[in-house]
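Before any comments, here is the structure.
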């Protein structure tokens with residue numbers, strides 16, 4: 038994707054659209070599917086574009102990122118270590134105290150109901166707490 042001035046004029050959502058189109062392979066398709074799940078799970082999610090090309094989803098704080106590598110599309114949850122994962126989706130970055138990730142490989146199915154529940158739980162963790170609670 039073109040760097041510099043043209044990017045500065047694009048919204049984060051448009052930059053994510055461009056990234057998906059630029060990938061042009063299974064990784065773009067996977068990122069688009071993950072994005073759709075996130076948007077369905079948290080309709081008021083805010084999309085951002087960080088660290089020179091990483092889609093990031095927020096609501097009251099960071100929910101997750103969508104990084105693309107040669108062999109995986111990695112969905113990293115900022116507070117993943119604090120989330121219940123009854124479906125066992127987390128399969129990467131398990132040793133840390135804060136983050137957890139899911140690596141999706143070519144041809145893998147997405148357990149959309151479980152992923153949607155995980156995204157909703159991550160968004161709920163970001164809700165501001167009332168004083169005294």
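In the numbering used here, the protein residues as written are 38 to 170.
Ideal Cβ placement from N, Cα and C applies to all residues, glycine included.
Just so we're clear, the structure is a prediction, and the values are computed from it rather than from any experiment.
Close CB contacts of residue 152 within its chain, under the 7 Å cut and outside five residues either way in sequence, are with 74 and 126 (chain order). In this structure, the straight-line span from the alpha carbon of residue 108 to that of residue 62 is close to 11 Å.
Burial is judged here by how many other beta carbons sit within 10 angstroms of a residue's own beta carbon; residue 84 has at least 16 and is buried.
Bridge pairing for residue 62: absent [DSSP]. Residue 157 carries a helical assignment under DSSP once its states are collapsed to helix, strand and coil. At a Cβ-Cβ threshold of 8 Å, residue 118 and residue 129 do not count as neighbours.
Residue range 91 to 95 is occupied by the beta strand (DSSP E) that includes residue 92. In this model, residue 154 and residue 148 are separated by some 10 Å (Cα to Cα). With a beta-carbon spacing of about 5 Å, residue 160 and residue 96 fall inside the 8 Å limit used to define contacts. Per DSSP, the beta bridge partners of residue 140 are 111. In this structure, 120 is the residue among 102, 144, 158 and 120 with its C-alpha nearest to the C-alpha of residue 135. In terms of Cβ geometry, residue 71 and residue 98 do not form a close pair [threshold 8 Å].
Per DSSP, the continuous beta strand (DSSP E) segment holding residue 83 begins and ends at 83 to 87. The three-state secondary structure of residue 124, taken from DSSP, is coil.
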